[in-house]
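If you read the sequence shown in numbering that gives the first Met the number 0, its first letter stands for residue 0, the second for the next number, and so on. Just so it is clear, CB atoms sit at the ideal spot from N, CA and C, and this is done for glycine as well. Only one structure is covered here, and it is reproduced in the block below.
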Amino acid sequence: MASVVPIKNGINFRDLGGIKTIDGRQIRSGLLYRSGAFSLITQQEQFFLANQLNLHYVLDYRDPDEIERNPDKLWQNTHYINVPANPLSNTITASLTSDLGNPHQTLKKNAPFDFMIKLYQLLPFNNAAYQKLSSILLNSQGRPLVQHCAVGKDRTGVGVALTLFALGVSEETVMQDYLLTEQLLSDYRENLLSQYQHKMTPDEFEKRKLIFAAKKEYLTAAFDTIKMRHGTIDNWLSQEYQLNKTNRKKIQDIYLV
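As structure tokens, this is what we get:
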């Protein structure tokens, strides 16, 4: 399974290296990472990311207002790319941290569980952020990439699922990697929510916890909708993101060992 990268001020930051594919190969370490935002990292950690990991591409899925509030602290030689992954809708947003001070805003039209299911049903399709991801995978020549959003759960969760599927990882293993987020976000989530607890009723606080969770049902909603629309995951990769057999072989040759 993916390994956690040891930087204290990173959020849910891990290397996808070591994840096994259906045909018995595995992802090379040090090339593909997933994370939350890099807004809290220290200079020493920036140095580590630049010099130890040689982390080159930073693909940020956040909305402009999220970035304005909590910009990434970038390191030397980064190629920073921001393409928001949020579905184009006023009611369904993946910017979980953007309205904590106003807990009624995101949830006004949706019960929290339904809200998350709807988000995951929308994220995989016609998404410019994942078009960009696909393009980087095909053209990066193996330079290390990190994809991230605010906490590395939803927008990043679907982007990583796309990456893993393109590399030939099973649905079960993709789900295992996604659910690891629940464990890794636990302390961060508790700390963040406790800062806003006084502004929420106990009911709102419980709803917010549900939105910050990584639940099997959420990613399953994405998988089910992909299959409903495209028949198979392979068709989805090919028809939505140009990851046909030829292109998938190209990236598998780069990222697998």
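Proximity of the region 175-189 to the region 53-70 falls short of the contact definition, fewer than three beta-carbon pairs being nearer than 8 angstroms.
Assignment of alpha helix (DSSP H) within the region 124-166, counting only whole runs of 4 or more residues, yields 127-138 and 154-165 in chain order. Within the same chain, Cβ atoms closer than 6 angstroms to the Cβ of arginine 188 are found at Phe211, the five residues on either side in sequence being excluded. In this structure the region 151-171 does not lie against the region 45-52, because fewer than three pairs of beta carbons, one per stretch, are closer than 8 angstroms. Contact check for glutamine 146 and tyrosine 217: beta-carbon distance about 18 angstroms, past the 8 angstroms limit, so the pair fails to qualify. Taking the C-beta atoms as reference points, leucine 31 is found nearer than 8 angstroms to leucine 15. Scanning its chain for C-beta atoms nearer than 7 angstroms, with the 5 sequence neighbours on each side dropped, one finds around asparagine 243 the residues Ser237, in chain order. Secondary structure of aspartate 113 (DSSP, three-state): helix. Contact between aspartate 64 and glycine 167 fails: their C-beta atoms lie close to 37 angstroms from each other, not under 8 angstroms. DSSP, read as helix, strand or coil, puts isoleucine 250 in helix.
Boundaries for arginine 61: no alpha helix (DSSP H) harbours it, and the DSSP string shows neither H nor E there.
Leucine 191 is positioned such that its CB atom lies no closer than 8 angstroms to that of lysine 208. Taken atom to atom, the span from the alpha-carbon of glutamine 196 to that of aspartate 186 is near 15 angstroms. Taking every protein chain shown into account, the CB of proline 83 has 16 or more other CB atoms within 10 angstroms, so this residue is buried. DSSP places asparagine 81 in the uninterrupted beta strand (DSSP E) bounded by 78-81. Excluding its 5 nearest sequence neighbours in each direction, isoleucine 116 has C-beta neighbours in its own chain below 8 angstroms: Glu216, Tyr217 and Ala220, listed in chain order. For glycine 9 against valine 150, the beta-carbon gap comes to about 11 angstroms, at or over 8 angstroms, which does not count as contact. Looking at the DSSP output, arginine 33 shares a beta bridge with Arg13 and Gln146. A Cβ-Cβ contact shorter than 8 angstroms links glutamine 120 with threonine 224.
About 5 angstroms separates the Cβ atoms of phenylalanine 164 and isoleucine 232, confirming a contact at the 8 angstroms cut-off.
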